[in-house]
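Engineer: Per numbering that gives the first Met the number 0, residue 0 is the first one in the sequence shown, and the count goes up by one each step.
We put the CB at the ideal spot given by N, CA and C, even for glycine.
All values derive from a computational prediction rather than experimental measurement.
What follows is a structure written as structure tokens; I'll ask about it next.
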Amino acid sequence: MKAWHTQDINGEMQEIVFAETRAKAIYQSEAYGWTDYINVRIKRARYADGLEGNPKQLKQSMLENGWWFECDSCLTHVDIENLINQPIVTNNGKVMCDTCFNKKINRRSNNEFK
0 MKAWHTQDIN
10 GEMQEIVFAE
20 TRAKAIYQSE
30 AYGWTDYINV
40 RIKRARYADG
50 LEGNPKQLKQ
60 SMLENGWWFE
70 CDSCLTHVDI
80 ENLINQPIVT
90 NNGKVMCDTC
100 FNKKINRRSN
110 NEFK
């Protein structure tokens, strides 16, 4: 399935939508739910083609192509270029900063030894 980067006219509500055609992607987008069809901006996201149903690879691909996310734990802005809090994508597609991820791993390993 083709991947499409959709957003509203103000650059908000950005997401990757999977659809066969541009028009179908617009109708499926979150932006379309908030604005008129004509105000939805859309372009192909070839880097995400075929990643539907694979949230970890999709988020990793998005990060590698300039996207940023908030850490699922502390809400810190994380992106590939952030040298302090590198993003870690978990198996379920959640994005965490490396600090929170390491804390979670350390808590888990400490609990295993109790």
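Under 6 Å Cβ to Cβ from PRO86, same chain only, skipping five residues before and after it: list those, please.
Structural biologist: Result list for PRO86: LEU62, VAL77, VAL94, in chain order.
Engineer: Going by DSSP, which residues form a beta bridge with ASP7?
Structural biologist: Note: ASP7 sits in a beta bridge opposite VAL39.
Engineer: Is LYS42 buried or exposed, if buried means 16 or more other CB atoms sit within 10 Å of its CB?
Structural biologist: Exposed is the call here.
Engineer: Would TYR36 be called buried (16 or more neighbouring beta carbons within 10 Å of its own) or exposed?
Structural biologist: Answer is exposed; the Cβ neighbour count stays below 16.
Engineer: Can you check DSSP and say which residues form a bridge with PRO86?
Structural biologist: The partner list for PRO86 (beta bridge, DSSP) reads CYS96.
Engineer: Measuring only the C-alpha atoms, how far is SER60 from LYS103?
Structural biologist: Cα to Cα, the separation comes out at about 23 Å.
Engineer: Three or more C-beta pairs under 8 Å: does that hold for the stretch 45-52 against the stretch 2-22?
Structural biologist: Contact holds: three or more Cβ-Cβ distances are below 8 Å.
Engineer: Classify ALA44 as helix, strand or coil using the three-state DSSP reduction.
Structural biologist: Here ALA44 sits in coil by DSSP.
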